[in-house]
Structure formats: C-alpha cells, structure tokens
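**Student:**
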Amino acid sequence: MAGILWRLRNLSRYLRGSTILTANARFNRLIRQQEKSEMSKIRWYQTRRLGRESRLTRNILARRTPLSSSSNSNNSCSFIKSQIGESLSPNSYTLLAIPIMVADTNSNDKQIDNSRQELKNSSPRRQDEKTKTTSPSRLDDNLRDRGDRGERLFKWILKQRQFTDAAIEQVIQSWFEAWQRHRQQIGQFEEFWTREGNKWTDLMLVLDPEAVISNFVAQLKADEATNSNINNCKIAIGMLFNMQGFSEVKVNGQALKQTMKQPSSALRKEHKEEPIYKLDILLKHLQSKAQRLDQLPEMEFMGSVISSIMAFATLRLAEVHRDTATPLPDGAWQLHTIIRKTKVPKTTITFRPLCNRDICPMFWLSNWFKRRNKKQQNQPLWWHKSRKKEATYEQLYKAVNIIMQEAGIEKQNTVISIRKSSITKDIDQRATQQQINRFSMHADGAATVQFHYDMNLNDDIRERLAIFE
DNA sequence: GGCCAATGCTTGTAGTTGGC
DNA sequence: GCCAACTACAAGCATTGGCC
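Using UniProt numbering, the first residue of the first sequence is number 1, and each one after it goes up by one.
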C-alpha cells in the first residue's frame with residue numbers, strides 16, 4: 001500500500017512538473033517563463049553592456065522591448081503562438097526561452113541557441129550550415145557556464161546511482177575528445193529542462209525519456225539549431241538517460257528515430273568529385289627548404305618535418321602530435337604513435353632512405369634532432385627549443401600551415417589535405433588496392449578510400465577518353 | 001602567445017535490409 | 001544463409017575564437 005501511495009505521489013509530481021501538463025496550463029506557464037526570461041535578458045544586457053551601443057544589443061532590445069510594457073502578455077502570447085501554432089498539441093508546445101544572442105536581424109529572424117556556431121562559419125570549411133557572424137563579446141562566458149552545468153548535471157546523475165567520485169572520473173576519462181562535446185550538449189539540455197520549470201530531481205521521475213528527448217529535439221528545430229547540434233544533443237542526452245539506467249529501447253524509440261531522420265540524413269557527407277592539389281607542390285617546396293636548413297626558423301623547420309611525415313606516412317596531425325621517434329642503427333627512423341581510429345591503435349612506421357633525400361622524412365627527422373644540444377636529445381619529439389617546452393597541437397598546426405602557404409597551396413586546403421593529396425597521388429600512380437589500403441591504414445580500406453580519396457582520378461580517365469587515336 | 005573550449009567534419013563500427 | 005549496400009551511432013580530428 002505504501003508503495004502504491006509513493007508511486008501515486010511521484011506520478012502527481014511528474015504530471016505537475018514535466019511532460020503531461022494540459023495544453024492550457026503549459027501555455028500559461030510558458031508565457032510566464034517567457035516574460036521572466038526576456039526581462040532577465042534585458043537586465044543582463046543593461047548591466048553587462050551598459051554604454052555600449054552595439055547593434056546586437058539594439059536588435060535584441062528592439063525585438064524584446066514590448067515584453068516590458070503593459071502589453072507584455074499579448075505580445076508574448078502572439079510571439080509564442082507564432083512559434084508553436086494556435087492549436088497546441090501535448091508534445092509540440094514546449095518552448096525554450098529565446099536565445100540571448102541574435103544574429104543580424106536585417107535579413108531574417110533566425111534564432112540559434114548555440115551562438116558559437118555562428119562565429120565558426122567564417123571558416124572556409126564551414127560550408128554546409130549557413131549562418132551569420134555576430135559580435136562575440138561575452139558569448140564565451142555563457143557557453144563555458146553551460147558546459148560546467150552540463151558536467152555538474154552528468155556527475156549528479158551518476159551520484160544518484162551511488163557512483164563514487166573516482167568511478168565518475170573514470171567514466172569521464174574513458175572519453176577522449178567526446179567528453180567536451182557531451183558536457184556542452186548536456187548543459188544545453190539542462191537549460192531547456194530548467195527553463196521548462198523543472199528541477200534536476202525531476203529527472204529522477206521521468207518515465208518516458210524518449211518523449212523528453214523528442215521534445216528537446218523539437219525545440220532545437222524550432223530554434224533553427226544546426227543539424228550537427230541537434231544530432232549531438234540527441235546523442236549526448238540519450239547517453240545521459242542511458243547512464244541514468246534507462247534501457248536503449250526506452251531512450252531511443254521509434255518516434256525519436258523518426259524525428260531524427262531529417263537532421264541525421266542532412267549530415268551525411270555528399271559524395272562529390274572535388275579537385276585536390278598535387279602533392280608535388282608541397283614536396284618541391286620541402287626540397288627547396290632542404291637547401292637552406294641553417295636559415296630555417298624553428299617553426300618552419302618543424303612544419304617541414306611534420307609535412308614530410310604526413311605526406312609519406314598519411315598520418316593525421318593529431319597522430320603526429322602523439323608521435324615518439326627512435327633512430328635505428330642503419331640510419332632509418334621509426335615513429336611510434338597511437339591511431340585511435342583503427343582496431344590496432346599502436347602503430348610503428350619505419351622511414352628508410354628515398355631516392356630524393358631532400359623530401360625524405362628520415363632526412364628531416366635526423367636534422368630536426370641535430371639542431372638540439374646534448375641535453376635536449378632526450379626531450380620529446382616536438383620539443384620547442386626557443387620556448388623550452390613541448391610544442392602544443394596548435395603550434396604544430398600553425399607550423400604546417402606556414403609551410404602550406406609558402407608552398408602556394410590555396411588557403412581553403414586544410415592540414416588534413418596533405419593526407420588526402422598523398423593518397424590521391426597513390427591512386428593516380430596506379431598503386432594496387434592492397435597497397436593503398438596498407439598505406440592509408442584505414443580500418444575499412446576499400447570503401448573509405450573510394451569515398452574520401454578517389455578525387456582526381458575521374459578527371460584523368462575523362463582526359464584519356466577524350467584523346468583520339 | 002598559450003591554452004582551453006566549442007563545434008563542424010570525418011570515419012570506424014555495428015545493425016538492418018534486401019536480393020540472390 | 002550469405003553478402004553487399006545502406007544507415008545510425010559514436011567518437012576522434014581539425015579548426016577557430018576567446019580569455020588570460
């Protein structure tokens with residue numbers, strides 16, 4: 001009997017707090033939250049950015065000011081209605097508070113809760129998700145805070161399951177880069193959850209996690225979040241509920257799968273023929289560098305060594321950064337690294353002399369170590385002499401970019417393009433499939449190479465088709 | 001300038017489906 | 001039952017902006 005009462009009490013709280021409110025009650029609460037949220041945002045801007053007549057602030061205030069007037073409710077109502085439609089259905093009326101940062105309102109009213117993505121799209125790589133640039137001021141505080149809250153929520157969930165601090169840390173450490181993504185997306189969910197009027201403890205009362213995630217995804221779509229962001233959020237929150245103890249079936253049901261079809265398919269890489277520069281451009285530049293080793297600044301020298309390694313070992317920059325190097329008695333050099341994307345991550349690559357000494361990784365590695373004095377010989381491979389510390393990933397990245405730009409490679413080509421160009425050259429030179437698979441070290445060699453690297457070959461075939469006897 | 005964090009892009013893996 | 005193609009998921013990599 002006590003058990004039944006306990007369940008009824010929990011069910012009652014659940015009905016009050018999360019997903020099964022009546023449409024009217026939810027609608028009224030949304031209006032109150034909306035007003036409260038808007039007012040707090042305006043206050044935030046007034047205090048944080050007082051005196052700065054930024055266009056961004058003016059835009060936001062211009063759009064939100066009516067909320068502070070006597071016609072608040074009506075305006076707010078009409079705004080919400082326009083967002084969610086006049087006829088509210090139980091699963092479509094959740095509305096996340098309007099994001100603080102708004103892009104240029106001269107064009108459309110695109111609202112993106114995830115403001116950093118707007119800053120990123122100035123890069124030539126960001127081509128699939130069109131967004132606009134906006135003032136970055138104070139944005140980062142908000143995002144960092146969001147990540148922290150996500151981390152706290154994740155840890156809190158595991159603590160409810162009696163995980164010790166050490167056990168929680170081990171769970172987190174089992175991720176490499178993915179954790180940074182998860183904590184951010186969980187933070188985004190935490191914002192959604194609390195703005196809905198829920199508390200963290202209400203998560204313990206959720207009976208249908210699929211509905212919660214679906215509502216969250218629907219809200220992200222309404223806010224015109226990017227497909228990438230929607231997918232990442234879905235993955236992170238699904239993982240969170242899994243950690244909470246829900247089965248995969250409960251978390252990732254058919255309705256959610258249906259909801260995710262569009263953003264998932266939008267992320268699939270388009271298979272298109274795109275040109276890549278000839279690797280020879282880079283190799284010729286390395287050759288010219290080899291003629292004047294003594295005059296090379298340290299960053300250029302490092303960039304040359306890395307470029308040579310990437311061209312002849314098809315390693316990714318992150319893998320090169322993890323490298324250690326050992327000389328062999330016959331003058332060859334071995335690189336030891338961890339390739340996390342393969343089934344057997346520990347990898348050793350041996351560089352032996354090439355016919356062209358000046359572009360050979362062996363030549364560049366041996367000279368890289370010759371620059372050091374005796375004390376520095378045992379320092380890490382990417383030891384920065386002038387800074388007296390190991391070079392960071394970003395420094396390696398900059399060093400390679402220097403070399404690529406000097407070589408005349410167009411700026412839109414990224415660091416990983418060295419790997420692409422190298423494998424493409426192999427294909428051009430009619431290396432066998434087996435050779436290419438071994439060289440590229442892809443787990444699923446044939447399919448991956450065909451999809452990602454078989455770039456210039458079709459042009460070559462067409463050229464040859466066009467030649468008459 | 002160095003470091004950190006966010007996030008788009010890439011790619012490996014496992015599961016599903018359909019043809020034979 | 002086998003196999004290949006397709007798909008979703010998960011996580012690593014690359015790039016970049018902001019803060020100190």
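Beta carbons: idealized from backbone N, C-alpha and C, even for Gly. Remember, it's a predicted structure, so these values are computed and weren't measured experimentally.
Can you tell me where the alpha helix (DSSP H) with A391 in it begins and where it stops?
**Tutor:** By one-based count along the first sequence, residue 391 stands at place 391. Note, A391: premise wrong, no alpha helix (DSSP H); not H, not E.
**Student:** Could you check the C-alpha separation between H182 and G253 for me, to the nearest Å?
**Tutor:** The residue you call residue 182 lines up with position 182 of the first sequence. The residue you call residue 253 lines up with position 253 of the first sequence. Each residue's Cα considered, the two are about 21 Å apart.
**Student:** DSSP three-state call for F351: helix, strand or coil?
**Tutor:** Taking the first residue of the first sequence as position 1, residue 351 is located at position 351. Correct three-state label for F351: strand.
**Student:** What does DSSP give as the partner residues of L335 in its beta bridges?
**Tutor:** Within the first sequence, residue 335 is the residue found at index 335, counting from 1. According to DSSP, which records beta bridges pairwise, L335 is partnered with A325 and I349.
**Student:** For W175, does the three-state DSSP call read helix, strand or coil?
**Tutor:** Residue mapping note: residue 175 aligns to position 175 of the first sequence, counting from 1. The answer is coil: DSSP assigns W175 none of H, G, I, E or B.
**Student:** For E410 versus H285, is the C-beta spacing smaller than 8 Å?
**Tutor:** Position 410 of the first sequence, counted from the start, is the residue given in the question as residue 410. Position 285 of the first sequence, counted from the start, is the residue given in the question as residue 285. No, these two residues do not count as a Cβ contact at 8 Å.
**Student:** Alpha carbon to alpha carbon, what distance is there between K278 and R430?
**Tutor:** Working through the first sequence from its first residue, we reach residue 430 at position 430. Working through the first sequence from its first residue, we reach residue 278 at position 278. Approximately 15 Å, taken between the alpha carbons.
**Student:** Check whether the Cβ atoms of V217 and G238 lie closer than 8 Å to each other.
**Tutor:** Indexing the first sequence from 1 puts residue 217 at position 217. Indexing the first sequence from 1 puts residue 238 at position 238. Not a contact, by the Cβ cut-off of 8 Å.
**Student:** Could you have a look at W383 and say whether DSSP puts it in helix, strand or coil?
**Tutor:** For this step, residue 383 is matched to residue 383 along the first sequence. W383: strand per DSSP, three-state reduction.
**Student:** Taking S419 as the reference, give the member of R387, A325, I276 and L354 with the closest Cα.
**Tutor:** Counting from 1 along the first sequence, the entry for residue 419 is found at position 419. For the sequence presented, residue 419 should be read as Arg rather than Ser. Comparing Cα-Cα distances from R419 to each of R387, A325, I276 and L354, the minimum goes to I276.
**Student:** So, using beta-carbon positions, are I359 and L283 closer together than 8 Å?
**Tutor:** Counting from 1 along the first sequence, the entry for residue 359 is found at position 359. Counting from 1 along the first sequence, the entry for residue 283 is found at position 283. Yes, the Cβ-Cβ distance between I359 and L283 is below 8 Å.
**Student:** Is the region 323-336 touching the region 370-377 in the sense that three or more CB pairs, one from each, lie closer than 8 Å?
**Tutor:** Verdict: no, contact absent.
**Student:** What is the DSSP secondary structure of S247, reduced to helix, strand or coil?
**Tutor:** For the purposes of this step, residue 247 is taken as residue 247 along the first sequence, with counting starting at 1. Three-state result, S247: coil.
**Student:** Can you tell me whether DSSP reads G253 as helix, strand or coil?
**Tutor:** For the purposes of this step, residue 253 is taken as residue 253 along the first sequence, with counting starting at 1. Correct three-state label for G253: coil.
**Student:** Considering only the alpha carbon of each residue, which of L315, T350 and N356 lies closest to Q291?
**Tutor:** For the purposes of this step, residue 291 is taken as residue 291 along the first sequence, with counting starting at 1. Q291 has its Cα closest to that of N356, out of L315, T350 and N356.
**Student:** Taking one C-beta from the region 143-160 and one from the region 187-207 each time, how about it: are there three or more such pairs within less than 8 Å?
**Tutor:** Yes, since at least three Cβ pairs between the region 143-160 and the region 187-207 fall closer than 8 Å, the two stretches touch.
**Student:** Taking the alpha carbon of N231 as the reference point, which residue from M260, T414 and W175 has its own alpha carbon closest?
**Tutor:** Here the question's residue 231 lines up with position 231 in the first sequence. N231 has its Cα closest to that of M260, out of M260, T414 and W175.
**Student:** Can you find the residues in the same chain that come closer than 8 Å, C-beta to C-beta, to K385, ignoring five residues on each side of it along the sequence?
**Tutor:** To locate residue 385, count along the first sequence from 1; it is residue 385. Excluding residues within five positions, the ones whose Cβ falls inside 8 Å are E298, R371, R372 and Q376.
**Student:** Compare the Cα-Cα distances from F312 to each of E196, E248 and K425 and report the closest residue.
**Tutor:** For the purposes of this step, residue 312 is identified with residue 312 of the first sequence, where counting begins at 1. The option with the nearest alpha carbon to F312 is K425.
**Student:** Note down, in chain order, each residue of its chain lying with its Cβ closer than 7 Å to the Cβ of A391, except the 5 sequence neighbours on either side.
**Tutor:** Here residue 391 refers to the residue found at position 391 when the first sequence is read from its first residue. Excluding residues within five positions, the ones whose Cβ falls inside 7 Å are M302, W382 and H384.
**Student:** Taking the beta carbon of D165 as the centre, do at least 16 other beta carbons fall within 10 Å, making it buried, or is it exposed?
**Tutor:** Taking the first sequence and counting its residues from 1, the one referred to as residue 165 is at position 165. The residue in question, D165, is exposed, as its Cβ has fewer than 16 Cβ neighbours within 10 Å.
**Student:** Counting only the same chain and skipping the five closest in sequence on each side, list residues whose C-beta sits under 6 Å from that of H336.
**Tutor:** Residue mapping note: residue 336 aligns to position 336 of the first sequence, counting from 1. The residues are T324 and T348.
**Student:** Would you call the CB atoms of I186 and G245 closer than 8 Å?
**Tutor:** Residue 186 sits at position 186 when you count from the first residue of the first sequence. Residue 245 sits at position 245 when you count from the first residue of the first sequence. No, Cβ-Cβ distance for I186 and G245 is not below 8 Å.
**Student:** Spatial neighbours of K374 within its chain, please: CB distance less than 8 Å, with the 5 preceding and 5 following residues excluded, ordered by chain position.
**Tutor:** On the first sequence, residue 374 is found 374 positions in, with the first residue counted as 1. Correct list: empty, nothing qualifies.
**Student:** Should A399 be labelled buried (16 or more other beta-carbon atoms within 10 Å of its own) or exposed?
**Tutor:** Position 399 of the first sequence, counting from 1, holds the residue named residue 399. Label assigned to A399: buried.
**Student:** Can you look up R183 in the DSSP assignment and give me helix, strand or coil?
**Tutor:** Taking the first residue of the first sequence as 1, we reach residue 183 at position 183. It is helical.
**Student:** What residue range is occupied by the uninterrupted alpha helix (DSSP H) comprising Q162?
**Tutor:** Counted from its first residue, the first sequence places residue 162 at position 162. Segment: none, Q162 is in no alpha helix (DSSP H) and carries neither H nor E.
**Student:** Determine, using beta carbons only, whether S214 and L256 come nearer to each other than 8 Å.
**Tutor:** As a position in the first sequence, residue 214 is number 214, starting the count at 1. As a position in the first sequence, residue 256 is number 256, starting the count at 1. Result yes, Cβ atoms of S214 and L256 sit closer than 8 Å.
**Student:** Pull up the CB-CB distance for A266 and N227, whole angstroms please, since I reckon it's below 8 Å.
**Tutor:** Position 266 of the first sequence, counting from 1, holds the residue named residue 266. Position 227 of the first sequence, counting from 1, holds the residue named residue 227. So it is a contact: roughly 4 Å between Cβ atoms.
**Student:** For residue 501 versus M362, is the C-beta spacing smaller than 8 Å?
**Tutor:** Since the first residue shown for the chain is 1 and the last is 469, residue 501 is missing from the structure and cannot be characterised.
**Student:** Where do the N-terminal and C-terminal ends of the alpha helix (DSSP H) with T424 fall, by residue?
**Tutor:** Locating residue 424 in the first sequence gives position 424, where the first residue counts as 1. Element bounds for T424: S417 to D428.
**Student:** Under the rule that 16 or more other beta-carbon atoms within 10 Å means buried, what is V249, buried or exposed?
**Tutor:** Taking the first residue of the first sequence as 1, we reach residue 249 at position 249. V249 comes out exposed.
**Student:** For the candidate residues Q162, Q170, T314 and F189, whose alpha-carbon lies nearest to that of N229?
**Tutor:** As a working mapping, residue 229 is identified with position 229 in the first sequence. Per the Cα distances, F189.
**Student:** Among M243, N413, Y397 and Q262, which has the Cα closest to the Cα of V305?
**Tutor:** Counting from one through the first sequence, the residue named residue 305 turns up at place 305. Ranking the options by Cα distance to V305, first place goes to Y397.
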